[in-house]
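Below: the structure, in structure tokens.
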Amino acid sequence: MVNQIREDAANIIEHSIKVVLPEASVQSALEFKQFKSGIVVIAIGKAAWRMAKAASEKIGSDLGRGLIITKSGHSMGEIDGFEIIESGHPIPDENSMLAAEKAISYIKDLTEHDEVLILLSGGGSALFEKPLDGVRLIDIMDITEQLLGSGANIIEINTVRKHLSAVKGGRFAKMCKANIFAVILSDVVGDRLDFIASGPVCADQSTSDAALKILKRYGIITSDAVIRAIKKETPKIVHNCTIAITGNVKMLCEAVAKQAKILGYEPKIISTKCELVAVGVGRFFGFKAADILSGKDEIKPPCAVIIGGETVVNVKGSGMGGRNQEVALSAAIDLEGKKNCVVFSLGSDGTDGPTDAAGGMVDGFSVKRMAEAGVNAKEYLKNNDSYHALKSSGDLIITGATGTNVNDVMVLLML
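Here's what the structure looks like:
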């Protein structure tokens, strides 16, 4: 029976990722848009390649020049008229600086008579970077790493990153005299536009004061020069940009629910705005399974309990993993011994933390398989070593780069 549920889970994963690939949604956003000949296209993010491919097919010979800035390994080949730069994520690198300078060179000589199409997806905060005067790349790298390890959420992290950057928080749009049309694939809970890729073309709703409070809250150590830079406020008004949202985690959760229903599971979407701690979400699934099995819950099997969003990890150990793998490992501990239950958690982009896994899929026998491989699930969880724990039990989800990025989905399947 477990094998059947795992097969169903794999089916749901494959189908739902296909539904949120950006090609169709980008073409839909551009369906009635007419562009001038010579339009500049700049795509930034983990889904940049697929978004650019879709846009190029719509624009055709009207394309002037194009630039794709994406994560290393996320390019899928050459596209006529486009230059491709792959850079670092989740920590920016020298290529992130090169990418930002290249993007600036594409727009610096444009006028109000020109047009720019910006295609944004998650990951852009790291992939595309130009530090403010007085800030070094190493400063941004260090602060980002500290925040990621502290349990800060993406809103907090991007609030700080925007105030260290010359191209985030609306500053890229301010550099551009041309009219901008932006198509955005959302990986931020609540589709808060100024936080997706740190909002390079959006008026910024966050403040310098908020950024400084976040540094204090998490005990982030930095220099006086960085503090001075953060105090330079981001643009609160952007006049030259029109925005269309084309995909988000709600669509992903609905795709999961639809496919689960087709396979005979009654779907229940609990939330599409989850920003809780990964371990806690994993435990929720374990407790939920226990209540359903005992008949205490109003949900009855066969069922699919679905949560979307982006959890956070409090890094206290020295292990390797990601937020989705930590959800799965935490769930495995509370699922131990329970039959006919599977929990899977994955990032829609196909990457979870600094690993080659998209997430994890566990069942009531995962902890036993780990123990047989010499792995203590609880100790590995304490060490934030979800990757090696799940690898030992054969529970990693490996999809490779998917070409989309609309947050994470976490699911309890029960027969």
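Numbering (the numbering used here), first residue to last: 42 to 456.
Don't be surprised by glycine CBs; every beta carbon is placed ideally from N, CA and C.
- Bounds of any alpha helix (DSSP H) do not take in glutamate 72, whose DSSP letter is neither H nor E.
- In the three-state reduction of the DSSP assignment, threonine 396 falls in the coil class, being assigned neither a helical nor a strand state.
- When Met451, Gly444, Val450 are compared, the shortest CA-CA separation from tryptophan 90 is found for Gly444.
- Relative to proline 172, the option among Lys273, Gly363, Ala298, Ile340 whose CA is nearest is Lys273.
- For alanine 223, the three-state secondary structure derived from DSSP is strand.
- Annotated three-state conformation of glutamate 98 is helix, per DSSP.
- The Cβ atoms of alanine 330 and methionine 455 sit closer than 8 Å to each other.
- By the criterion of a C-beta distance shorter than 7 Å, leucine 234 is surrounded in its chain by Ile225, Gly240, Cys243, Ile284, once the five residues flanking it on both sides are discounted.
- Secondary structure at arginine 364: helix, using DSSP grouped into helix, strand and coil.
- The criterion of a C-beta distance shorter than 8 Å is not satisfied by serine 162 and aspartate 245.
- The three-state secondary structure of phenylalanine 169, taken from DSSP, is coil.
- Of the residues Ala223, Asn194, Leu205, Glu153, the one whose Cα lies closest to the Cα of cysteine 217 is Glu153.
- Positions of the alpha helix (DSSP H) runs, each at least 4 residues long and wholly inside the stretch 136-198, are given as 165-168, 178-191 in order along the chain.
- One alpha carbon belongs to glycine 350, the other to valine 230, and they sit about 6 Å apart.
- For alanine 214, the secondary structure class from DSSP, reduced to helix, strand or coil, is helix.
- Exclusion of the five residues before and after aspartate 103 leaves Phe76, Lys77, Ser78, Gly79, Ile80 as the residues of its chain whose Cβ lies within less than 8 Å of its Cβ.
- Listed as beta-bridge partners of proline 308 by DSSP are Ala345.
- A direct Cα-Cα distance of roughly 54 Å separates glutamate 156 from serine 407.
- A straight-line Cα-Cα distance of about 43 Å links aspartate 232 and glutamate 413.
- In the three-state scheme derived from DSSP, where H, G and I count as helix and E and B as strand, arginine 233 is classed as coil.
- Residue range 290-303 is occupied by the alpha helix (DSSP H) that includes leucine 293.
- Among the bridge pairs identified by DSSP, arginine 106 is matched with Val81.
- Per DSSP, isoleucine 126 is one residue of the beta strand (DSSP E) stretching across 123-128.
- Your pair lysine 94 and histidine 115 does not check out as a contact, with CB atoms roughly 12 Å apart and the cut at 8 Å.
- Counting along the chain, the unbroken alpha helix (DSSP H) around methionine 411 starts and ends at 407-413.
- Taking all protein chains in view, the Cβ of glutamate 127 is crowded by 16 or more other Cβ atoms within 10 Å, so the residue is classified as buried.
- Excluding its 5 nearest sequence neighbours in each direction, methionine 117 has C-beta neighbours in its own chain below 6 Å: Trp90, listed in chain order.
- Within the same chain, Cβ atoms closer than 8 Å to the Cβ of isoleucine 181 are found at Pro133, Glu170, Pro172, Arg202, Leu205, Ser206, the five residues on either side in sequence being excluded.
- For phenylalanine 325, there is no enclosing beta strand (DSSP E); the residue is part of the alpha helix (DSSP H) that begins and ends at 319-335.
- When DSSP states are grouped into helix, strand and coil, lysine 432 belongs to the helix group.
- For leucine 387, same chain residues with a beta-carbon under 6 Å away, outside a window of 5 residues either side, are Asn365, Ala399, Gly400, Ile438 in chain order.
- Boundaries of the beta strand (DSSP E) around leucine 387: 382-388.
- Non-local C-beta neighbours of valine 43 in its own chain, meaning closer than 6 Å and more than five positions away in sequence, comprise Asp404, ordered along the chain.
- Secondary structure at isoleucine 120: coil, using DSSP grouped into helix, strand and coil.
- Separation of the CB atoms of isoleucine 198 and leucine 188 is rounded to 5 Å, and the pair is thereby assigned contact status at 8 Å.
- Inter-residue distance for glutamate 307 and valine 354 is about 30 Å (C-alpha atoms, whole angstroms).
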